[in-house]
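Residue numbers (the numbering used here), protein chains in the order written: chain L, 7 to 682; chain Y, 793 to 1105.
The beta carbon of each residue, even a glycine, is placed where N, CA and C say it ideally should be.
Working notes, structure below.
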Amino acid sequence: MDLRLLDEVATAAERDAVDSLLGAPESGWDGGTRQDSDLRYARGGHAARDQRDLLLPALHAVNDRVGWISRGALNHICRRLTVPPAEAYAVASFYAMFALHERPERVVHLCTDIACAAAGSGRLRDRLAERLGPPGTHPDDAAATWHESPCLGMCERAPAALALQAGAPARYAVSAPATPEDLDALADGPPRQNGSANGSAPVGATADSSTNGHGAAGAAFPTTFHPAPLSGLSPEPEPVAAVPDAGSPDHVLLRRIGRVDPLSLDDYRSAGGYAALREALRLGPAGVIREVTDSGLVGRGGAAFPTGRKWNATAQQPDTPHYLVCNADESEPGTFKDRVLMEGDPFSVVEAMTVAGYAIGARTGYLYIRGEYPRALRHLENALSLARERGLLGTDIMGSGFSFDIEIRRGAGAYICGEETAIFGSIEGQRGEPRTKPPFPVEKGLFGKPTAVNNVETLVNVLPVLLMGGPAYAAVGTETSTGPKLFCLSGGVRRPGLYELPFGATLGDLIEAAGGLPEGRSIRGVLLGGAAGAFVRGDELDIPLTFEGARAAGTSLGSGVVLVLDDTADLGATLARVAAFFRDESCGQCVPCRVGTVRQEESLLRLRAGASPAEEVPLLREVGQAMRDASICGLGQTAWNAVESAIDRLGLYSEEDPDTPATPAPGDRAATEEAR
Amino acid sequence: MTTPVLLPTPRRLIDATIDGETVRVPEGTTVLEACESVGTEVPTLCYGDTLTPRNACRVCVVEVEGARTLAPACSRKLEAGMSVATDSERVRHSRKMVLELLGSSVDLSTTPKVPEWMERYEAEPERFGPRAEPAALGVRDARRAGEHEPGDGAVAETVEQPAKVDNDLYVRDYSKCIMCYKCVDACGDQWQNSFAIGVAGRGFDARISTEHDVELPDSACVYCGNCIEVCPTGALSFATEFDMRKAGTWDEEKQTETTTVCTYCGVGCNVTLHVQENEIVKVSSPHDNPVTHGNLCIKGRFGFQHVQRRGGG
C-alpha cells in the first residue's frame, strides 16, 4: 500500500518500544534503514497488511513507554504495520487511555462512577483539581496529570484511583480506598532516581511481553507492567480481600481464591487445577459440549445466552479457523467479579479457555482484558508463560494432539469494546464499533471467522461442569438458572465485596450476607445489573436472584451487580452520572445513541437544576424509547434502563418523590457525600 | 465470434409481507429494496446506492414482527415469511426521534427532503432547547475520548463549528455532518483506496478527520471528490458551491445538468456538468454509469476551468 505519511520522525524510545513488540524492521519499506535493494523489491500486500491486529498492542507499547503517542510514533507504527495514518489516528483517538498530545509520564485515573461517587470521590476530585488543575491538564512542571474515570472495577473498596507510569517497563499503582494522602503522593510523581524519564530509558530493558504480539519473545520482563507497584503508597491488598467470606466450603468458583498462590502453577495443580482439562480431553469435543449443554450453563456477562448452544453452533461451522474470545473487558459500572477471578485464580481462566478452545475446534484464543486491570494482566501473563513452559498451552497439550494458544489483548479505556462484536473490531486493530447482527459471531466473528465469545465467569463455570458432570451441575440453583453465581456487592452495605451464591437466593439474602446496612440507614434503591440494569426499591428484596426471577420483576441480573444506595445517596446525581457514562462510552456510530445519550444527560441536568418533571420526563421517555428501539447495540438499547427505573420504580422526579423538593443545585454534589 | 453472456446465479424467490401486503422478491433482497419494489417510501440518510450499508443513521428503521428491536431497512435482508411494518407507531416514533436528534445537533439546511420528513413525522428539533454556541475551529478535534464537561443542560449541544477551508477545490463544513461514514468508505477500500480520512474520537465527539486533523494538502487526499459525490447533507461541497451559497447566488432552479464524457483520458468516465448562468458550478457523475459508479478523478471532477476560458487567451 502506498502510504502518505507526515514528515515527522519517531524518537529512539518510541521506535524501540514499537520494535520490541514487532521485532526489528526488515527493510526501508517497513520503517527500517533504506537500502539499495529496497528499490528493487517492494514489500507490502497482504503479508504486510495482515498484521493490522497488532495496531492496538503497538499503540500500547508507545503509550506505555513514553506516556503518549506522538505524530512521529504514529508514523512509525503506520510504516511498520502498513496502516494508513488516518486509520491509525481513528483507532488511537477511540480510546480514552491513549493520549495524542504530550503529557506527563504519570496519569492518575480517579474513579468517579456510581459506587465511588457514593463513597466520596468528589472530595478526592476536588483535591486533585486543586493540585493539578482541571482533568486532563497539569501545571507546567508537574510529574502527573489526571482524569476522571468511569468505573475502575474496584467498587468493593471505593473510592478507587489507578496510576499508570510510563517507562521501560511501565509501572502502576492502585489506591483503594483512596485517601487524600495517597493522591498527593501520586500527584507528586515519581522520585527521580531510576532515570526512567522518557527517551533516556536503557534500550533493551524492554517491557513488552511475549503474550502480546505475534510471538516476539525474549523480553527482560515477562510481564507488561513492572512487578513492583509504584512506591509511596500502602500496598494493594491481596485479591482475596475482595471476597469477604473467602474460604467458605460452599464456594465453587471462588474456592481457590486466597488458598493458592495466583502466580504458582504448582499450587493451582495441587488444588485441583487442570483436572477439568484432563476430563475434557477424555470426553472429546462433542462430549464437552454435551456436558455444558446438559449443565444448563448460560452466559454470565449479561445476555444469559446458553453456552452449550453457542459452542455447538461454533463447532459446527464449516468455515475455518474457529476462534475463541474470552471477554475480560469487564467495565459495567459496579462489576469486579472477573477482576477477582483473574487476579486470584488466573490459571483457572487459562484452563477454561483451553477447554473451550478444544470444544469449539479453535487453535487460538484471545483474552481481551480491559486496560484498567494491570494486576490481573500481570497474573495472566505469568499464568500463560508458565502454562506454555509446562506444555499446557502450545502444541500437543497433555499429549492429546490438541494444539491451542492464547494471546492477550489489552483494551485501552472503552466500555463498548466489551460488546460481543465491538470486541472483534478492537482485536482486529479497527475502531471498537459494534457490528450489525446478523451475521452472528458464531458464523462471522473475529477476522470474519466462526467465533465463540464468552465472559470470564462463564468460562470458569465450565471447570465445575466437567468435574461434577453436566446433570449434577444443573441440579445446583433453580430449574432455568443453574449453577453458582457471582454477585458484586457495593455501595451502602457493611461488607461490600464479591459473593458466590447458588442461583435462587433472594436479593434480601444477599444483602444480609453482606452484613446489611449500617444502623439507622435504609435502602433508597438497589441498582441491579449495573448502569445498563435497573433500580429496584428497598421493599422489593424478595426478588429471587435468578434470570427468570429478575425478568419477572421487570429488571435484569446483568453482570451480577448489586449496588446499594442508602437514604443518604443523591439519586439525581447518580442518574446524571449514569447518563454521563453512556454519553462518554457511546461509540458514536448510530444516531439514537450518539445524540440520544447527550439529550438524556442534558434533560437530567435540567431536572437537577429544578426544571419541571412534567416537561422533562415525557421527553426522557421519548428519547429513551428511540434509543431502546433503534440503537445498533446493547449500549444504546440499555442506556435508558436505569433512568427509567428510577423514575418508574423509585418515584424520582414524580409528585410524591422525597428527593425532588430538596434537589441540590448542580455542582453541589458533595453535599450528600459529606454526610457519610 | 461468440461471447459468453454473464448471467447472475439464479436466486430463489421468497414471499414476505410488507405492511400487510405480500411481496415476492429474490432471496438476498434488502427490506429497503423490497419496499422500493412495491412503492413504499422509506427515508434514508446514510444509505448510499454505491456503497455497502453502514446502517448508522437509523432513519430507515422498520418493525420486523417478533423482533425485540427495530431493524434497519437498508441492510436487513428480507427473509421468507418475514412480516415488516414500515409505518407502525414504533417506527414512526424512532424516525421522528432520529430526525429530531439530528436536527437539534446538526445543520440540516442543505439536506434534501428533510423538511418533508420532519413534517411527515411531526419532528420538532427545537424542543431540546436553544442550540449551544458553535465550537471554535479545532476544539472538537482536540477532544479526548470518554470525557466531557457536563453543563447544566440549558442549551442543546451541537456539532457546529466553522467550515474547514484549506484548499481551493472543496470545503468541509462539519456542522452539517451526520456521521454517515459514506465519505470514509468512498475514500477507503470501497472506492478510492486513498484512506485520507477516518472517523476519529468517540461518541458525540466522533468526527471525520485526517490524521491529527492536519489540513487536506498535508493528508493523503488526492482530490477525487468522490466523498463529495456521496455526502448526503452538503457537508462536503465544491468550493464554488460553498462560495455561491455564502454569497446567496446559489440557485438550483437555474441550473442545468448535462452528462457528457470526460475528455482527459481514454477511460470514458461520464461527467455531469451542473451549469448555472453559463458557468460550470459543480461536477458529478451518474451512479448507474458502469465505468464510474459515480466516481471520478481530480481531473474529471475539478479540471473544468479550461472549458469556460472564453476568449482573451
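Reference residue i; option with closest CA among the options
i               : options                          : result
A937 of chain Y : Y:D841, Y:V1022, Y:C1016, Y:G995 : Y:G995
L2 of chain L   : Y:S1011, Y:E908, Y:G921          : No answer is possible for residue 2 of chain L: it lies beyond the span of chain L, which begins at 7 and ends at 682.
P228 of chain L : L:R394, L:V294, L:G142, L:D272   : L:R394
A579 of chain L : L:G616, L:R284, L:C593           : L:G616
G253 of chain L : L:G350, L:A174, L:C157, L:S181   : L:G350
G34 of chain L  : L:S76, L:L27, L:H82, L:R58       : L:H82
D590 of chain L : L:A645, L:E336, L:R612, L:R557   : L:A645
A248 of chain L : L:L239, L:L504, L:D190           : L:L504
A559 of chain L : L:R10, L:P440, L:S651, L:G302    : L:S651
D573 of chain L : L:H232, L:R86, L:R527            : L:R527
DSSP beta-bridge partners of residue i
i                : result
G497 of chain L  : L:V570
E1071 of chain Y : Y:Q1068
C332 of chain L  : L:L373, L:N460
H153 of chain L  : L:H115
Q171 of chain L  : L:R112, L:R177
P818 of chain Y  : Y:L805
R437 of chain L  : Partner(s): none; R437 of chain L has no beta bridge.
G483 of chain L  : L:T488
R923 of chain Y  : Y:A948
L533 of chain L  : L:F541, L:L569
P508 of chain L  : L:P490
F342 of chain L  : Paired residue(s): none; F342 of chain L is not in a bridge.
N1062 of chain Y : Y:V1053
K450 of chain L  : Paired residues: none, contrary to the question.
D411 of chain L  : L:T370
K956 of chain Y  : Y:R964
L1028 of chain Y : Y:R964
V854 of chain Y  : Y:A863
R999 of chain Y  : Y:A992
Q323 of chain L  : DSSP output for Q323 of chain L lists no bridge partner at all.
Status (buried if at least 16 other CB within 10 Å, exposed otherwise) for residue i
i                : result
A102 of chain L  : buried
R416 of chain L  : buried
E32 of chain L   : exposed
R919 of chain Y  : exposed
L933 of chain Y  : The sequence given here places Asp at residue 933 of chain Y; Leu does not occur at that position. Answer is buried; the Cβ neighbour count reaches 16.
G50 of chain L   : exposed
S609 of chain L  : buried
E855 of chain Y  : buried
E20 of chain L   : buried
S1029 of chain Y : buried
Q606 of chain L  : buried
Q984 of chain Y  : buried
A18 of chain L   : exposed
E1071 of chain Y : exposed
V568 of chain L  : buried
Y47 of chain L   : exposed
D42 of chain L   : exposed
R501 of chain L  : exposed
S1001 of chain Y : buried
S202 of chain L  : Here the model assigns S202 of chain L a pLDDT of 42, short of 50, so the residue's position is not dependable, and the following value carries that caveat. By the 10 Å Cβ count, S202 of chain L comes out buried.
Taking a cut of 8 Å between CB atoms, which residues from the segment 1005-1021 of chain Y lie near chain L?
V1006, D1010, S1011, A1012
Using a Cβ-Cβ cutoff of 8 Å, what residues of the segment 593-612 of chain L are near chain Y? List them in chain order.
C593, G594, Q595, C596, V597, P598, R600, V601, G602, T603, V604, R605, E607, E608, S609, L610, L611, R612
Count Cβ pairs between the segment 428-445 of chain L and the segment 382-390 of chain L that sit closer than 8 Å; are there 3 or more?
no
Is it true that the segment 1061-1069 of chain Y meets the segment 1012-1028 of chain Y, where meeting means three or more beta-carbon pairs spaced less than 8 Å apart?
no
In chain order, what residues of the segment 878-890 of chain Y put their CB closer than 7 Å to some CB of chain L?
R882, H885, S886, M889, V890
Could you check whether the segment 358-374 of chain L touches the segment 478-498 of chain L, counting it as contact only if at least three pairs of C-beta atoms, one from each stretch, sit closer than 8 Å?
no
Report the residues of the segment 626-649 of chain L with a CB closer than 9 Å to any CB of chain Y, ordered along the chain.
E628, V629, Q631, A632, M633, R634, D635, A636, S637, I638, Q643
Contact list for the segment 155-178 of chain L against chain Y, Cβ threshold 8 Å
P156
Can you pull out the residues from the segment 11-26 of chain L whose beta carbon lies closer than 7 Å to at least one beta carbon of chain Y?
L12
Closer than 8 Å, Cβ to Cβ, to anything on chain Y: give me those residues from the segment 71-85 of chain L, in chain order.
R77, L80
At a cut of 8 Å, does the segment 541-556 of chain L reach the segment 328-341 of chain L through at least three beta carbon pairs?
no
Do the segment 330-347 of chain L and the segment 267-281 of chain L make contact, defined as three or more Cβ pairs closer than 8 Å?
no
Output needed in chain order: residues of the segment 892-921 of chain Y with a Cβ under 9 Å from some Cβ in chain L.
E892, L893, L894, S896, S897, V898, R919, F920, G921
Any residues in the segment 105-133 of chain L with a beta carbon nearer than 8 Å to a beta carbon of chain Y? Which ones, in chain order?
A105, L106, H107
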